[in-house]
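So the structure is just underneath, and the comments pick up after that.
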């Protein structure tokens with residue numbers, strides 16, 4: 028713990044500037060009794076209880092422009108001990124910690140010792156073998172593990188590792204919003220990316236083309252699936268890791284936060300023996316979670332449920348799940364044709380993205396199967412003209428479709444720092460235009476539990492468009508958006524904005540959150 032060869036007065040000045048000792052105590056350490064030439068001031072000060080040894084070292088490290096490291100078992104990489112002469116390292120108090128890009132980092136007991144300069148050969152990272160070696164070094168392994176573990180514990184849905192011209196940025200998507208978490212040394216980027224590629228069985232030699240992979244990790248006795256995507260950018264490969272926590276699955280429809288009216292209608296929809304039910308919304312709006320909730324509501328030993336997904340996000344008990352592999356020729360359409368020969372009762376299609384898939388889904392519904400799927404549209408009603416534009420005959424669509432759910436996710440107000448305030452004039456006028464009562468609104472002040480954001484977790488807002496006989500007639504004669512919306516208004520259909528404002532009135536979220544994801548139309 029001691030610092031060797033440091034002049035007494037230099038040390039005394041350092042301690043004074045850091046405010047670690049009183050002048051009288053320092054003089055006592057220097058003069059009583061006088062120091063011999065071989066005696067060390069730091070040892071005497073610690074022995075007399077004038078200053079703590081760890082605090083002393085932190086001050087000296089700061090003065091030298093170095094970081095203080097408290098040695099614990101396993102801190103250093105033992106495989107690097109062969110790079111230094113053992114006798115020399117022991118006599119000079121040097122411990123190798125890690126090596127990245129040929130640069131060896133060591134812990135030293137005396138930062139003033141001029142014999143600490145150590146040079147090792149720089150490694151050629153263009154060679155695959157060297158990339159594998161660097162990616163396997165303990166500091167890189169620990170850093171990648173730390174990045175992933177920190178993201179999981181902070182309930183992030185995605186990890187973004189982004190190289191810049193001279194920085195490497197790590198951002199987490201938490202509650203739908205990206206937050207910068209850390210900036211590792213930019214020179215570590217190739218090693219970090221290579222380590223992630225090795226973990227997800229990707230080709231570390233391929234750095235010019237995008238790649239997709241997956242891996243599984245265990246953290247706090249939880250199984251976590253990670254989906255990895257790499258993308259070449261101007262400054263290097265960007266990596267995005269999607270976190271799929273199997274323990275976070277919330278169960279059936281009753282766990283989704285649906286209003287009683289929508290929950291009752293959804294329960295009726297998923298209980299029907301045939302027809303198509305769609306869930307619409309942008310990427311990341313929770314569509315797949317809703318479909319899984321619908322499947323969980325009807326999953327039983329006497330029902331054959333089959334899914335086609337890309338990717339398969341969660342494993343469901345007693346459900347036959349097929350993952351699309353377009354490179355191998357297993358597309359949505361190909362898998363669906365095979366599933367129809369597997370005697371299914373219920374089919375879940377991860378996404379309808381082309382005419383062929385849509386046609387098979389409609390035909391399956393018309394031949395006695397129940398079909399669940401997702402579609403990318405801004406609201407529920409827009410799904411009808413979208414499918415017609417794909418090439419589906421309107422009369423077939425009118426006969427097959429039962430209902431369409433649209434949804435968004437908004438951030439929940441943190442319950443630890445939630446307060447009630449009076450609404451402003453704009454908020455009151457908006458609620459009055461929707462004929463909704465409002466006395467107070469909630470907001471989060473920000474605390475350590477929510478990262479001082481005022482939000483923790485997310486809630487869904489929903490819109491359910493039920494297809495009745497009148498709507499079917501309109502679809503058959505004119506499946507454009509305007510007549511469908513007019514009829515929906517006349518029938519008292521409640522749009523996304525209405526459910527969002529209800530969530531604001533309940534104190535679950537804020538008006539700004541709702542207007543961030545939904546247009547305020549009635």
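In my numbering, the protein residues as written are 28 to 549. No residue lacks a Cβ here, since even glycine has one placed at the ideal position from N, Cα and C.
Along the chain, where does the alpha helix (DSSP H) containing residue 216 start, and where does it finish? Taking the chain shown and counting its residues from 1, the one referred to as residue 216 is at position 189. 216 to 226 is the span of the alpha helix (DSSP H), which, as asked, contains residue 216.
Using 10 angstroms around the beta-carbon of residue 446, count the other beta-carbons present and answer buried if the total reaches 16, otherwise exposed. Taking the first residue of the chain shown as 1, we reach residue 446 at position 419. Under this definition residue 446 is an exposed residue.
Spatial neighbours of residue 385 within its chain, please: CB distance less than 8 Å, with the 5 preceding and 5 following residues excluded, ordered by chain position. The residue you call residue 385 lines up with position 358 of the chain shown. 379, 414, 417, 418 and 419.
Would the beta-carbon of residue 439 fall within 7 Å of that of residue 486? On the chain shown, position 412 is the one that residue 439 refers to. On the chain shown, position 459 is the one that residue 486 refers to. Going by C-beta atoms, residue 439 is nearer than 7 Å to residue 486.
Given residue 285, which residues of its chain have a CB within under 7 Å of its CB, disregarding the five upstream and five downstream residues? Walking along the chain shown from the start, residue 285 turns up at place 258. Correct list, in chain order: 293 and 489.
Beta carbon of residue 473, beta carbon of residue 482: below 7 Å? On the chain shown, residue 473 is found 446 positions in, with the first residue counted as 1. On the chain shown, residue 482 is found 455 positions in, with the first residue counted as 1. Their beta carbons are not under 7 Å apart, which means residue 473 does not touch residue 482 by this criterion.
Verify whether the separation of the beta carbon atoms of residue 503 and residue 421 is less than 7 Å. Counted from its first residue, the chain shown places residue 503 at position 476. Counted from its first residue, the chain shown places residue 421 at position 394. Result yes, Cβ atoms of residue 503 and residue 421 sit closer than 7 Å.
Mind checking which residues open and close the alpha helix (DSSP H) that includes residue 339? Here residue 339 corresponds to residue number 312 of the chain shown, with the count starting at 1. Segment: none, residue 339 is in no alpha helix (DSSP H) and carries neither H nor E.
Sub-7 Å separation of residue 268 and residue 194 beta-carbons: Stepping through the chain shown from its first residue, residue 268 is reached at position 241. Stepping through the chain shown from its first residue, residue 194 is reached at position 167. Contact: no.
First through last residue of the beta strand (DSSP E) which encompasses residue 97: Within the chain shown, the letter at position 70 stands for residue 97. Run containing residue 97: none; DSSP gives neither H nor E here.
Pick out whichever of 265, 244, 50 and 177 has its Cα sitting closest to the Cα of residue 219. The sequence position of residue 219 within the chain shown is 192, counting from 1. When only C-alpha atoms are compared, the closest one is 265.
Close beta carbons around residue 464, own chain, < 8 Å, minus the five adjacent residues each side: One-based indexing of the chain shown puts residue 464 at position 437. These residues qualify, in order along the chain: 458 and 532.
Alpha-carbon to alpha-carbon, residue 450 and residue 546: Position 519 of the chain shown, counted from the start, is the residue given in the question as residue 546. Position 423 of the chain shown, counted from the start, is the residue given in the question as residue 450. Cα to Cα, residue 546 sits roughly 20 Å from residue 450.
Excluding the 5 residues flanking residue 526 on each side, which residues of the same chain have their C-beta closer than 7 Å to its C-beta? Locating residue 526 in the chain shown gives position 499, counting from the first residue. Excluding positions up to five away in sequence, the list reads 286, 488, 489 and 490.
Within 10 Å of its beta-carbon, does residue 368 have 16 or more other beta-carbons around it, so buried, or fewer, so exposed? Taking the first residue of the chain shown as position 1, residue 368 is located at position 341. Exposed, by the Cβ-count rule.
According to the Cβ coordinates, are residue 429 and residue 296 closer than 7 Å? Position 402 of the chain shown, counted from the start, is the residue given in the question as residue 429. Position 269 of the chain shown, counted from the start, is the residue given in the question as residue 296. Taking 7 Å as the Cβ cut-off, residue 429 and residue 296 qualify as a contacting pair.
Candidates 226, 499 and 288: closest to residue 514 by CA position: By 1-based counting over the chain shown, the position of residue 514 is 487. For the residues 226, 499 and 288, the minimum Cα distance to residue 514 belongs to 499.
Around the C-beta of residue 260, are 16 or more other C-beta atoms found within 10 angstroms, so that it is buried, or is it exposed? One-based indexing of the chain shown puts residue 260 at position 233. Answer is exposed; the Cβ neighbour count stays below 16.
To the nearest angstrom, how far is the alpha carbon of residue 106 from that of residue 122? Taking the chain shown and counting its residues from 1, one reaches residue 106 at position 79. Taking the chain shown and counting its residues from 1, one reaches residue 122 at position 95. Roughly 12 Å separates the two Cα atoms.
How is residue 511 classed by DSSP in three states: helix, strand or coil? As a position in the chain shown, residue 511 is number 484, starting the count at 1. Here residue 511 sits in helix by DSSP.
Could you check the C-alpha separation between residue 119 and residue 76 for me, to the nearest Å? By 1-based counting over the chain shown, the position of residue 119 is 92. By 1-based counting over the chain shown, the position of residue 76 is 49. Whole-angstrom Cα-Cα distance: 26 Å.
Run of the beta strand (DSSP E) containing residue 187, from where it starts to where it stops: Within the chain shown, numbered from 1, the residue matching residue 187 stands at position 160. That run of the beta strand (DSSP E) goes 183 to 190.
Per-residue burial, residue 156 [other beta carbons within 10 Å of its own, 16 or more giving buried]: Taking the chain shown and counting its residues from 1, one reaches residue 156 at position 129. Because residue 156 carries a pLDDT of 48, less than 50, the predicted location of this residue cannot be relied on, and the following value inherits that uncertainty. Per the 10 Å Cβ criterion, exposed.
Is residue 304 helix, strand or coil by DSSP? Translated into positions along the chain shown, residue 304 becomes position 277. In this structure, residue 304 counts as strand in the three-state DSSP scheme.
When you compare the CB positions of residue 190 and residue 216, do they come within less than 7 Å of one another, or not? Stepping through the chain shown from its first residue, residue 190 is reached at position 163. Stepping through the chain shown from its first residue, residue 216 is reached at position 189. Yes. Within cutoff.
Kindly list the residues whose CB is nearer than 7 Å to the CB of residue 392, restricted to its own chain and excluding five residues on each side of it in sequence; keep chain order. As a position in the chain shown, residue 392 is number 365, starting the count at 1. So the qualifying residues of the chain are 301, 302, 303, 398 and 427.
CB of residue 468 within 7 Å of CB of residue 541, strictly: Taking the chain shown and counting its residues from 1, the one referred to as residue 468 is at position 441. Taking the chain shown and counting its residues from 1, the one referred to as residue 541 is at position 514. No.
Let's test the definition: count the other Cβ atoms within 10 Å of the Cβ of residue 448 and tell me whether it reaches 16, buried, or not, exposed. Position 421 of the chain shown holds residue 448. So residue 448 counts as exposed.
Apart from the five residues on each side of it in sequence, which residues of its chain come closer than 7 Å, Cβ to Cβ, to residue 412? Position 385 of the chain shown, counting from 1, holds the residue named residue 412. Hits under 7 Å: 506, 507 and 508.
Please list the segments of the alpha helix (DSSP H) lying wholly inside the stretch 423 to 505, counting only runs of 4 or more residues, in order along the chain. 452 to 460 and 496 to 504
For residue 364, which of helix, strand or coil comes out of DSSP? The residue labelled residue 364 in the question sits at position 337 within the chain shown. Helix, per DSSP.
Measure the alpha-carbon distance for residue 167 versus residue 222 and round it to whole angstroms. Position 140 of the chain shown, counting from 1, holds the residue named residue 167. Position 195 of the chain shown, counting from 1, holds the residue named residue 222. Cα to Cα, the separation comes out at about 7 Å.
Can you tell me which of 521, 279 and 104 puts its alpha carbon nearest to the alpha carbon of residue 548? Here residue 548 refers to the residue found at position 521 when the chain shown is read from its first residue. Minimum Cα distance to residue 548 is reached at 521.
Rounded to whole angstroms, what is the Cα-Cα separation between residue 307 and residue 332? Within the chain shown, residue 307 is the residue found at index 280, counting from 1. Within the chain shown, residue 332 is the residue found at index 305, counting from 1. Residue 307 and residue 332: Cα-Cα distance of roughly 21 Å.
Does the separation of the CB atoms of residue 198 and residue 205 fall below 7 Å? Residue numbering aside, residue 198 sits at position 171 when the chain shown is read from its first letter. Residue numbering aside, residue 205 sits at position 178 when the chain shown is read from its first letter. Yes.
How many angstroms separate the CA atom of residue 342 from the CA atom of residue 394? Counting from one through the chain shown, the residue named residue 342 turns up at place 315. Counting from one through the chain shown, the residue named residue 394 turns up at place 367. Their backbone Cα atoms lie some 28 Å apart in a straight line.
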